[in-house]
Amino acid sequence: MNDNLELSVVMPCLNEADTLGICIEKALRAMSDAGINGEVLIADNGSTDASKSIAQSLGARTIDVAERGYGAALMHGIEASHGKYVIMGDADDSYDFLAIPAFVERLREGYDLVQGCRLPRGGGRVMPGAMPFLHRWFGNPALSWLVRQMFRIPINDVYCGMRGFTRDLYDRLDLRSPGMEFATEMIIKSGLHDATMSQVPITLHPDGRKNHGPHLRTFRDGWRTLRLFLVFSPKWTFFRPGLVLIGVAAIGYALAIPQVRIGGAALDVHTLLVASLAGLLGWQCVLLATLARIFAAREGMMPPHDRLEKLTVERGLIFGLIAAAVGAVLIGAVIVQWYRADFGRLDYPQTMRLVVPGVTLVAIGFQTAMAALMAGVLKMHRRNFSTTQSSEDAAGGSR
Numbered sequence: 001m002n003d004n005l006e007l008s009v010v011m012p013c014l015n016e017a018d019t020l021g022i023c024i025e026k027a028l029r030a031m032s033d034a035g036i037n038g039e040v041l042i043a044d045n046g047s048t049d050a051s052k053s054i055a056q057s058l059g060a061r062t063i064d065v066a067e068r069g070y071g072a073a074l075m076h077g078i079e080a081s082h083g084k085y086v087i088m089g090d091a092d093d094s095y096d097f098l099a100i101p102a103f104v105e106r107l108r109e110g111y112d113l114v115q116g117c118r119l120p121r122g123g124g125r126v127m128p129g130a131m132p133f134l135h136r137w138f139g140n141p142a143l144s145w146l147v148r149q150m151f152r153i154p155i156n157d158v159y160c161g162m163r164g165f166t167r168d169l170y171d172r173l174d175l176r177s178p179g180m181e182f183a184t185e186m187i188i189k190s191g192l193h194d195a196t197m198s199q200v201p202i203t204l205h206p207d208g209r210k211n212h213g214p215h216l217r218t219f220r221d222g223w224r225t226l227r228l229f230l231v232f233s234p235k236w237t238f239f240r241p242g243l244v245l246i247g248v249a250a251i252g253y254a255l256a257i258p259q260v261r262i263g264g265a266a267l268d269v270h271t272l273l274v275a276s277l278a279g280l281l282g283w284q285c286v287l288l289a290t291l292a293r294i295f296a297a298r299e300g301m302m303p304p305h306d307r308l309e310k311l312t313v314e315r316g317l318i319f320g321l322i323a324a325a326v327g328a329v330l331i332g333a334v335i336v337q338w339y340r341a342d343f344g345r346l347d348y349p350q351t352m353r354l355v356v357p358g359v360t361l362v363a364i365g366f367q368t369a370m371a372a373l374m375a376g377v378l379k380m381h382r383r384n385f386s387t388t389q390s391s392e393d394a395a396g397g398s399r
């Protein structure tokens with residue numbers, strides 16, 4: 001192992017004999033011309049052609065990756081790399097590895113992640129035939145826009161597979177996606193961990209492979225990326241939709257309780273029922289956002305949220321019990337009216353104005369109490385018994 005290597009260029013490979021040699025030669029030439037002390041590492045994902053022998057004949061280091069998938073190959077490759085910096089890129093000759101010095105220059109300036117940008121918005125260029133129509137004009141721009149909106153990350157081309165980053169950043173991110181969504185997970189987690197980012201405009205060339213087409217599957221991989229956005233943003237997935245539903249419920253109650261008429265229509269108990277449904281669904285979304293955020297922090301998927309770390313099981317239980325108690329009082333008031341009516345008929349339009357909010361509050365209280373207990377389960381820390389045992393053994397040995 002060479003601890004003085006500045007750069008590792010990692011390429012995932014699955015039957016890339018058509019273009020792998022070109023990519024390796026460009027990477028080696030770029031590093032040699034720029035005086036960069038580096039290596040080229042090929043993470044082979046089960047090639048059955050001459051890819052490995054081509055790589056080894058050109059002086060690249062190869063490792064075998066049994067776990068299938070673009071992300072799996074890259075993760076194993078990066079973990080086997082020796083450089084302070086890592087540049088990853090596809091081995092299909094669509095990325096020009098002669099651009100390596102521009103990435104290294106930004107990394108030397110102190111950026112944690114340097115993203116290549118193929119789109120004109122970020123100064124990049126897409127050669128004719130290099131990117132499918134849907135990817136160029138809809139998929140990439142839309143997904144990149146979502147990343148900027150949901151995670152406040154200044155990246156114009158989230159799907160670009162050529163990027164550089166420090167090995168220290170990679171070790172901090174704890175990436176897990178074995179498929180094409182690996183690249184997006186890296187961007188999202190870099191933003192969540194406050195990594196410093198920059199962009200380098202690059203040119204995307206047509207895929208040079210002849211024996212097979214791209215490994216990317218448009219709709220499958222697009223959905224996986226969108227799913228990843230939702231997983232890493234409880235705020236957008238649960239919390240904000242929950243607030244919208246709670247707002248709808250509040251408006252419904254404000255109109256239905258006093259029986260406001262709109263355009264000749266009287267908003268009555270039916271409106272109240274629908275508003276209660278919206279409120280219950282909205283509150284459930286808020287609770288799910290809370291639990292998801294706690295879980296993500298405990299699993300290292302996202303940094304801890306200060307306010308949620310201060311929440312306790314007891315506070316949740318108290319809130320839930322109070323809400324349920326208020327609801328029970330409203331229901332009890334109707335039971336008293338029923339008793340006074342000798343358990344006969346009631347004025348349903350009036351009594352339902354108490355029963356519906358009462359039932360809703362009891363349900364909210366129960367949900368909150370159960371969610372608080374679940375949050376307590378999620379907040380339990382694992383004990384490192386091996387570390388504890390080693391400490392005890394060491395203490396015993398020193399006696």
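In UniProt numbering, the protein residues as written are 1 to 399. Beta carbons: idealized from backbone N, C-alpha and C, even for Gly.
Top-ranked residue by Cα proximity to residue i, from the options
i, options, result
"Ser53", "Ala80, Glu39, Leu20", "Leu20"
"Phe165", "Pro304, Ala102, Arg227, Gly300", "Ala102"
"Trp283", "His82, Ala363, Gln56, Asp347", "Ala363"
"Leu175", "Val147, Ile22, Glu79, Ser276", "Glu79"
"Ala296", "Phe232, Gly327, Val274, Val336", "Phe232"
"Leu169", "Met180, Met197, Pro178, Leu146", "Met197"
"Leu107", "Asp96, Arg167, Arg125, Gly129", "Arg167"
"Pro303", "Leu192, Gly124, Met131", "Leu192"
"Gly71", "Ile100, Pro178, Asp44, Leu281", "Pro178"
"Asp194", "Met180, Pro206, Leu173, Thr184", "Leu173"
"Thr225", "Trp145, Ile262, Gly300, Met88", "Trp145"
"His246", "Gly263, Ala278, Gln259", "One detail in the question is off: residue 246 reads as Ile in this sequence, not His. When each option's Cα is compared against that of Ile246, the closest is Ala278."
"Glu16", "Ala99, Lys26, Met127, Ala55", "Ala55"
Buried versus exposed, by CB contacts within 10 Å (16 or more), residue i
i, result
"Phe229", "buried"
"Thr62", "buried"
"Ile251", "exposed"
"Tyr253", "buried"
"Val10", "buried"
"Arg163", "buried"
"Phe182", "buried"
"Asp171", "exposed"
"Met380", "exposed"
"Val377", "exposed"
Endpoints, the beta strand (DSSP E) within which residue i is located
i, result
"Glu39", "38–44"
"Ile87", "85–88"
"Ile331", "Element bounds for Ile331: not the beta strand (DSSP E) but the alpha helix (DSSP H), 313–340."
"Gly164", "163–166"
"Ser233", "Counting along the chain, Ser233 falls outside any beta strand (DSSP E), and DSSP gives it neither H nor E."
"Trp13", "Residue identity differs from the one stated: residue 13 is Cys in this sequence, not Trp. Taken as a continuous stretch (DSSP letters only), the beta strand (DSSP E) holding Cys13 covers 7–13."
Other residues of its chain near residue i: CB distance less than 6 Å, five sequence neighbours each side excluded
i, result
"Arg293", "Pro234, His305, Leu308"
"Met352", "Val269"
"Cys285", "Phe238, Pro241, Gly242"
Extent of the continuous alpha helix (DSSP H) to which residue i belongs
i, result
"Ser177", "That residue, Ser177, is in no alpha helix (DSSP H); it is neither H nor E in DSSP."
"Pro101", "100–108"
"Asp306", "306–310"
"Arg29", "20–34"
"Arg136", "Arg136 -> no alpha helix (DSSP H), and no H or E assigned at all."
Beta-carbon contacts of residue i that lie in its chain and below 7 Å, excluding the five residues immediately before and after
i, result
"Ala323", "Leu361, Ile364, Gly365, Thr368"
"Ala395", "Because the pLDDT at Ala395 is just 48, under 50, the model does not fix this residue reliably, and the point stays unresolved."
"Ser391", "Because Ser391 sits at a pLDDT of 43, beneath the cut-off of 50, its placement in the model cannot be relied upon, and the following sentence gives the value as read from the coordinates. Nothing listed; no residue qualifies."
"Ala289", "Pro234, Lys235, Phe238, Phe239, Gly242"
"Val260", "Leu267"
Close Cβ partners of residue i (< 8 Å) along its chain, the five nearest in sequence each way excluded
i, result
"Leu41", "Ser8, Val9, Val10, Met11, Ala60, Arg61, Thr62, Ile63, Gly77, Ala80, Ser81"
"Ile257", "Leu272, Arg353"
"Leu346", "Val334, Gln337, Trp338"
Query raised in the report: Is the region 363–378 touching the region 312–324 in the sense that three or more CB pairs, one from each, lie closer than 8 Å?
Result: In short, these stretches touch, since the Cβ pair count reaches three.
Query raised in the report: Using 8 Å as the threshold, is the region 43–52 in touch with the region 107–124, meaning 3 or more CB pairs across them?
Result: Not touching, per the Cβ criterion.
Query raised in the report: Taking contact to mean at least 3 C-beta pairs separated by less than 8 Å, is the region 147–154 in contact with the region 182–189?
Result: They touch, by the three-pair rule.
Report task. State whether the region 155–169 contacts the region 191–202, with contact taken as three or more CB pairs (one from each stretch) at a distance under 8 Å. Result -> The answer is yes - the region 191–202 touches the region 155–169, with three or more Cβ pairs under 8 Å.
Query raised in the report: With contact counted as at least three CB pairs below 8 Å, one residue from each stretch, are the region 3–20 and the region 34–43 in contact?
Result: Touching, yes, given that three or more Cβ pairs across the two stretches are closer than 8 Å.
Requested in this report: Determine, using beta-carbon pairs with one atom in the region 11–29 and one in the region 77–96, whether at least three such pairs fall under 8 Å.
Outcome: When Cβ pairs closer than 8 Å are counted between the two stretches, the region 11–29 is seen to touch the region 77–96, the count reaching three or more.
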